[in-house]
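S.K.: Following numbering that gives the first Met the number 0, the residues of the sequence shown are numbered contiguously, the last one being 233.
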Amino acid sequence: MSRLPVLSRRAALLALMPMALAACATVKQPVSASRHDPATVARYGAMPDERFPLPATDISRVDAKWLRQLVAYDTYERPGTLVVDTRARYLYLVQEGGMAMRYGIGVGKAGLEFEGNARVGRKAEWPRWTPTRDMIAREPERYGPYAGGVEPGLDNPLGPRALYLFQGDRDTLFRIHGTSEPWSIGKAVSSGCIRLFNQDIIDLYARVPRDTPVVVLQDGPASLVEAPSDYGPV
């Protein structure tokens, strides 16, 4: 009676390797869908009670520095002032005790053309949007069809809220608003003024009244010290 050949120890190990690797693959833990903690993700969650139900903003690939957070911010500006640092791509709401609420922003061409002091002369929820004559002249194919204005809604470029900046009684045409293009936060974009994540502009809108002073900087921060800190819910 013939005997089956006996496998060497090396051959046996080689034969078992594919099964071992397959077993490792099956028990591998799934990669998290977001780099952020659940509380942060929740702050950018859906807002179904809005006039136009607002979907969640996917922040899974957004650098944490662009998300709303409380930071140490030593500045000469008094509490309640908005400071827009266009170069750093941040907007600060100055608070007591050397702190500020910081928001990541996207800066459009109009946002790079205004500098100085202003005030929030008007606030609007779910505003209409009309491109300026300069925008239409610069990109007629893109903006010409909207010369008559765009009704409020999820596709409106101003998003769910807008703050209109005035100097005295004159509208500067400078806006702080939401965006239908969340990928643009932290970047310089071709048009618009100062854009925030939609959930962030809703938060900011609720915090600032009309006549809030605003300082728009083009050449650097007005802060003496600015450092991210974990101070709890924002």
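Backbone N, C-alpha and C define an ideal beta-carbon position, used for all residues, glycine too.
What are the residues that DSSP puts in a beta bridge with N116?
M.R.: According to DSSP, which records beta bridges pairwise, N116 is partnered with V214.
S.K.: What residue ranges within the region 117–144 form continuous beta strand (DSSP E) runs of no fewer than 3 residues, ordered along the chain?
M.R.: Counting only runs of 3 or more, we get nothing.
S.K.: Thinking C-beta only, is G103 closer than 8 Å to Y72?
M.R.: No, Cβ-Cβ distance for Y72 and G103 is not below 8 Å.
S.K.: Under 8 Å, with one C-beta from each stretch per pair, do the region 175–193 and the region 80–88 reach the 3-pair mark?
M.R.: Yes: the two stretches touch, three or more of their Cβ pairs being nearer than 8 Å.
S.K.: Starting from V40, trace the alpha helix (DSSP H) both ways and give me its first and last residue.
M.R.: Segment P37 to R42, the alpha helix (DSSP H) holding V40.
S.K.: Give every residue of the same chain whose Cβ lies closer than 6 Å to the Cβ of A123, excluding the five residues on either side of it in the sequence, and list them in chain order.
M.R.: Once the five neighbours on either side are set aside, the close Cβ partners of A123 are A161.
S.K.: Checking 8 Å against the spacing of the C-beta atoms, do N155 and W128 come in under that value?
M.R.: Yes, Cβ-Cβ distance for N155 and W128 is below 8 Å.
S.K.: What distance in whole Å lies between the Cβ atoms of A38 and A45, which are believed to be in contact at a cut-off of 8 Å?
M.R.: Not confirmed; about 16 Å, so no contact.
S.K.: From what residue to what residue does the alpha helix (DSSP H) around L203 run?
M.R.: First-last of the alpha helix (DSSP H) with L203: N197 to R206.
S.K.: So, are the CB atoms of L203 and L92 less than 8 Å apart?
M.R.: Against a cut-off of 8 Å, the Cβ pair of L92 and L203 comes out as a contact.
S.K.: For A99, which of helix, strand or coil comes out of DSSP?
M.R.: Looking at A99 - three-state DSSP - the assignment turns out to be strand.
S.K.: Where R141 and I135 are concerned, what is the direct C-alpha to C-alpha distance, given to the nearest angstrom?
M.R.: When rounded, the distance between both Cα atoms is 8 Å.
S.K.: Between which residues of its own chain and Q94 is the CB-CB distance below 6 Å, once the five residues before and five after are set aside?
M.R.: Correct list, in chain order: P78.
S.K.: Using only the alpha-carbon positions, how far apart do R234 and F51 sit?
M.R.: Residue 234 lies beyond the stretch modelled for the chain, which goes from 0 to 233, so this question has no answer here.
S.K.: Check A187 in the structure and name its three-state DSSP category.
M.R.: A187: strand per DSSP, three-state reduction.
S.K.: Closest by CA to E180, which one among F173, V188 and R174?
M.R.: Measuring from the Cα of E180, the nearest candidate turns out to be V188.
S.K.: Counting pairs of beta carbons, one from the region 111–118 and one from the region 199–215, are three or more of them closer than 8 Å?
M.R.: These segments touch.
S.K.: Does the separation of the CB atoms of N197 and P151 fall below 8 Å?
M.R.: For N197 and P151, no; Cβs fall outside 8 Å.
S.K.: What do you get for R132, buried or exposed, if any count of 16 or more other CB atoms within 10 angstroms of its CB means buried?
M.R.: Under this definition R132 is an exposed residue.
S.K.: Quick one: what's G147 bridged to in DSSP?
M.R.: For G147, which the question treats as bridged, DSSP gives no partner whatsoever.
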